[in-house]
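Counted from 1, the sequence shown has number 152 at position 152 by full-length UniProt numbering; the numbering is strictly sequential. We put the CB at the ideal spot given by N, CA and C, even for glycine. Report on the structure given below.
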Amino acid sequence: MAASVNFAVGSLVWIEDPDVSWIDGQVLAITGDELKVQCTSDKTVVVKASSVYPKDPEFPSCGVDDMTKLAYLNEPGVLQNLKVRYDINEIYTYTGNILIAVNPFRRLPHLYDGHMMEQYKGAAIGELSPHPFAVADAAYRQMINDQISQSILVSGESGAGKTESTKSLMRYLAFMGGRSGNEGQSVEQKVLESNPVLEAFGNAKTVRNNNSSRFGKFVELQFDDRGRISGAAIRTYLLERSRVCQVSSPERNYHCFYMLCAAPPEDIKKFKVGSARSFRYLNQSECIELDGLDDPKEYLVTRKAMDVVGISAEEQDAIFRVVAAVLHLGNIVFAKGSEPDSSEPKDDDARKHLKIAAELFMCDEKGLEDSLCKRVIVTRDDVIMKVLDPVAATINRDALAKIVYSRLFDWLVNKINSSIGQDPDSKSLIGVLDIYGFESFKTNSFEQFCINLTNEKLQQHFNQHVFKMEQEEYTKEQIDWSYIEFIDNQDVLDLIEKKPGGILALLDEACSMFPKSTNETFATKLYQTFKDHKRFSKPKLARNDFTVCHYAGDVTYQTEFFLDKNKDYVVAEHQALLSASKCSFVSSLFPPLPEESSKSSKFSSIGARFKQQLQSLLETLNATEPHYIRCVKPNNALKPAIFENANVLQQLRCGGVMEAIRISCAGYPTRKHFNEFIARFGILATNVSNLSCDEVTACKNILEKVKLEGYQVGKTKVFLRAGQMAELDARRTEVLGRSATFIQRKFLTY
């Protein structure tokens, strides 16, 4: 609902439009509370004045670089500003201290070169055009000056450009904290080159994004007391295991599989692979080649990056042996065996792939077949060999492929961390978070549930820091301001993770009671428990689905594989087979289990472990000063020069950007303790040097001297409106410049 505004005939306005969200026009006549408006689309409409927003007649043709500079801070004005800037390739815009990045879906190399990094070095936020480099520089300067660890949270839905923004941040921080070229292979080089390695094994084409990160990543850069990068650690979250063996058009599996199939001939021969189209784990989708991705070239780039991060040639060969083995596993098709309910490789082709997989894993071929087609069941009194039918054997095969790939990915992360090394003496860090965006598809399973829990937690972090912290600070300082309500999502988080009784707790309970519990009984339990919860509902025609009302909208989840995907276990036969591999690399992925662990049948929950990881991440983030980059996907076609208003608006609303804009403008984004303020700006008012003057009076003297308006002085701090800090800094620079010139003149006269 628009705020109450007095319109006149001739006023420029925005009205709602079903096609483009908002359309501009001019008021032709006013009758009571109704306006007759001539739209720029030539149609004339009559609308309620309460639903209309004013439009700025002096809106700059190129827009404004900070939303808080808009004359009318409203939804259509924000949308117009982003679109105007996007049309001229100005893809970055501030909203106070938050950076909005609209994905251009094209390369703009001039924005990220070395010259551009030099420009942003030491420049205050707002001094130059909005840019991730400016955010990174602000984080770096605050860490150095205030000795407080920083974090930069990059968020947005899949395809919004989070990964590219993160790379820009990392490059800039490496530039600022880098060492001289003669100091050997540096920490920052290894951190940067970890990107192509992890992308090769953790990114894939999805419906919404050609290079979608299928895992979350938090990079901690550690700095020494000279501001140089001295260590780093990479934490990853929730790799999407199911993609390894299940992919449909128009998506792809992980990039590394296609790279290997496009490798040089000698590697094709060494790893016993062929065309990507010949492997079941890849050809389930019709999408094999990807526009803009040169798989043969990317294979070589990945190998080179592996060299830099300290993965030896022998280890690289072992890694790609495992990748190839996983592909061959997928081609082992099963048919009914000679015994009832048994299975065996279907034909000579299946046996060929079984043989090659065993050779690549360097394990016994018969042992591999048995581990796929049979299951050992240990009872209190006996050990029983149970044969598996073709369906069960196929599920067993896919389980092996998923656990092998997951262990391989974990090994890569651990190897990179070990190669980079951490600095135990570091007292300051900058963390950069690049984590999957909110997801809602036709089919949403356990992976989407965990991903959306992550986004709920991060949204709450955003809420707390951008809104709650602002409000609490103003109240504590006893300054006047307008209370602005915002939507809190604690009730959704309680629904999902509360113990006991939340969805995750009920899922763990169901998993621990297997086989008595099934996906159906789990769904029934949810319906009974949450039938009156305002954030939970049961779709009318679905038997086992449930809907959660997330901050970004309703998502319906299918419980079909929830129990299976929440269980973290390795089939005992797979563990025994691969821990005995003659390839030391393969056996290291499956170290012998402790005796008590191997005997225990206690269920281990992926959901519970992920929840703990999230808690640890948030504890780290809460100990830092956060900076935010909100990435926006302008269209679903992933094409340049298309700006879909409704799509963008939904992302701005879901990401809390609209609320952040309102509070940044109504509130005070900059605040300084009295002593800090005087130390920095005392030079602007000479009478401040009078020691009898108390701090409050001194601060007021400075502010009155420079004739700022709209600021407030609290109990311990000065509160400044958006843009006022930059104005004070500019005045300070002028005074310092005049003083330096005066001193130089005096010096030259002697």
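- Between residue 288 and residue 216, the alpha-carbon positions lie close to 25 Å from each other.
- Assignment of residue 28 by DSSP, reduced to helix, strand and coil, places it in the strand class.
- Going by DSSP, residue 461 is part of the alpha helix (DSSP H) stretching over 446-463.
- For residue 66, the three-state secondary structure derived from DSSP is strand.
- Annotation for residue 505: 499 place their beta carbon closer than 6 Å to its own, counting only its chain and skipping 5 residues before and after.
- Assignment of beta-bridge partners to residue 48 by DSSP yields 34.
- DSSP places residue 385 in the uninterrupted beta strand (DSSP E) bounded by 383-387.
- If the five residues before and after residue 376 are omitted, its C-beta is found closer than 8 Å to the C-beta atoms of 383, 384, 385, 386, 572 and 573, all from its own chain and listed in chain order.
- DSSP, read as helix, strand or coil, puts residue 199 in helix.
- With fewer than 16 neighbouring CB atoms inside 10 Å of its own CB, residue 62 falls in the exposed class.
- Residue 135 and residue 528 have their C-alpha atoms some 47 Å from each other.
- Here the stretch 288-308 makes no contact with the stretch 171-179; the two share fewer than three CB pairs at distances below 8 Å.
- Taking residue 606 as reference, the option from 657, 562 and 642 with the minimal CA-CA separation is 562.
- Three or more Cβ pairs closer than 8 Å define a contact, and the stretch 88-105 meets that threshold against the stretch 118-134.
- A check of alpha carbon separations from residue 397 across 298, 244 and 314 identifies 244 as the nearest.
- Classified as buried, residue 66 has 16 or more neighbouring CB atoms from the shown chains inside 10 Å of its CB.
- Between residue 671 and residue 610, the gap from beta carbon to beta carbon reaches 7 Å or more.
- Looking at the backbone, the Cα of residue 144 and that of residue 137 are separated by about 11 Å.
- Straight-line measurement puts the Cα of residue 471 at about 10 Å from the Cα of residue 477.
- For residue 273, no pairing in a beta bridge is given by DSSP.
- Uninterrupted alpha helix (DSSP H) stretches at least 4 residues long and entirely within the stretch 256-307 occur at 265-270 and 280-283, given in chain order.
- DSSP places residue 538 outside both helix and strand once states are collapsed to three, so it counts as coil.
- Taking the Cα positions, residue 496 is about 11 Å away from residue 550.
- Here residue 37 is near residue 45, since their CB atoms are less than 7 Å apart.
- Within the same chain, no residue comes within 6 Å of residue 442 by CB-CB distance, once the 5 residues on both sides are set aside.
- Boundaries for residue 328: no beta strand (DSSP E) harbours it, while the alpha helix (DSSP H) harbouring it runs 313-330, taken from the DSSP string.
- In the displayed model, residue 40 falls within coil according to three-state DSSP, outside both helix and strand.
- Burial of residue 85 is indicated by the presence of at least 16 other C-beta atoms within 10 angstroms of its C-beta.
- Two segments are said to touch when three or more pairs of C-beta atoms, one from each, lie closer than 8 Å; by this definition the stretch 446-461 does not touch the stretch 253-263.
- Residue 325 is a Cβ neighbour of residue 357, given a cutoff of 7 Å.
- The beta carbon of residue 214 is closer than 7 Å to those of 202, 203, 204, 239, 240 and 243 in its chain, skipping five residues each way along the sequence.
- Boundaries of the beta strand (DSSP E) around residue 549: 545-550.
- Here residue 564 carries a helix assignment [DSSP, helix/strand/coil].
- The Cβ neighbour count for residue 320, taken over all protein chains shown within 10 Å, is at least 16; the residue is labelled buried.
- Apart from sequence neighbours up to five positions away, the residues of its chain that approach residue 701 with a beta-carbon distance below 8 Å are 685, 687, 688 and 693, ordered along the chain.
- The straight-line gap separating the alpha-carbon atoms of residue 227 and residue 439 is approximately 38 Å.
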